[in-house]
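First comes the structure, then the notes that go with it.
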């Protein structure tokens, strides 16, 4: 009487199980925050150039840094009114969404300008995306 058994025809509610360890979640979120700050700083350094392609790559890398800071650590962007919206949106999604987004947005600055600042700034974003992909696989 206390525990009613479900009927055979009733569908079971989908339960999302998160199989990744707690330390990996915090480590990837920390790396995402560090990569956002590094992308901002190294993107500003990439803007000090003569070529317009590297200037565009630096601007894109700084925009990527702001986007990742909004997703990973919205407390860094409290000057924006909508700072909590991207973080809340991606918290509801599986980790492979973040991983795919981070990998895709990190490729363009490196392909525009193959300098050391774009390589390290976007490379950290790429590594964060790969770690989110590993989190999406879970314990197999």
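Numbering (my numbering), first residue to last: 17 to 156. From the three backbone atoms N, C-alpha and C, an ideal C-beta is built for every residue, glycine too.
Cβ neighbours of residue i in the same chain (closer than 8 Å, five flanking residues each side left out)
i: residue 60; result: 74, 78
i: residue 67; result: 129
i: residue 116; result: 145, 149
i: residue 188; result: Here the chain comprises residues numbered 17 to 156, so residue 188 is not present and cannot be evaluated.
i: residue 82; result: 52, 56, 93
i: residue 135; result: 126
Beta-carbon proximity list for residue i, same chain, < 7 Å, skipping 5 on both sides
i: residue 86; result: 93, 99, 102, 103
i: residue 5; result: This structure gives no information on residue 5, because the portion of the chain shown stretches from 17 to 156.
i: residue 106; result: 87, 113, 114
i: residue 40; result: 151
Residue i - containing alpha helix (DSSP H), residue span
i: residue 78; result: 68 to 88
i: residue 99; result: Neither: residue 99 is in no alpha helix (DSSP H) and is coded neither H nor E.
i: residue 41; result: 38 to 62
i: residue 111; result: 111 to 128
i: residue 131; result: It is not in any alpha helix (DSSP H) - residue 131 carries neither H nor E in the DSSP assignment.
C-beta neighbour in chain B for residue i, strict 8 Å
i: residue 115; result: In the structure shown, chain B does not exist; there is a single protein chain.
CA nearest to the CA of residue i, picked from the options
i: residue 64; options: 133, 36, 48, 148; result: 133
i: residue 121; options: 107, 145, 136; result: 145
i: residue 49; options: 89, 138, 107; result: 89
i: residue 72; options: 53, 45, 126, 39; result: 126
i: residue 69; options: 131, 108, 54; result: 131
Proximal residues to residue i (C-beta, below 6 Å), its chain only, five neighbours per side dropped
i: residue 154; result: 35, 36
i: residue 118; result: 141, 144, 145
i: residue 38; result: none
Burial state of residue i (16 or more Cβ within 10 Å)
i: residue 123; result: exposed
i: residue 91; result: exposed
When you compare the stretch 62 to 76 with the stretch 107 to 118, are there three or more beta-carbon pairs, one atom per stretch, that lie closer than 8 Å? Contact between the stretch 62 to 76 and the stretch 107 to 118 is absent, because fewer than three Cβ pairs lie under 8 Å.
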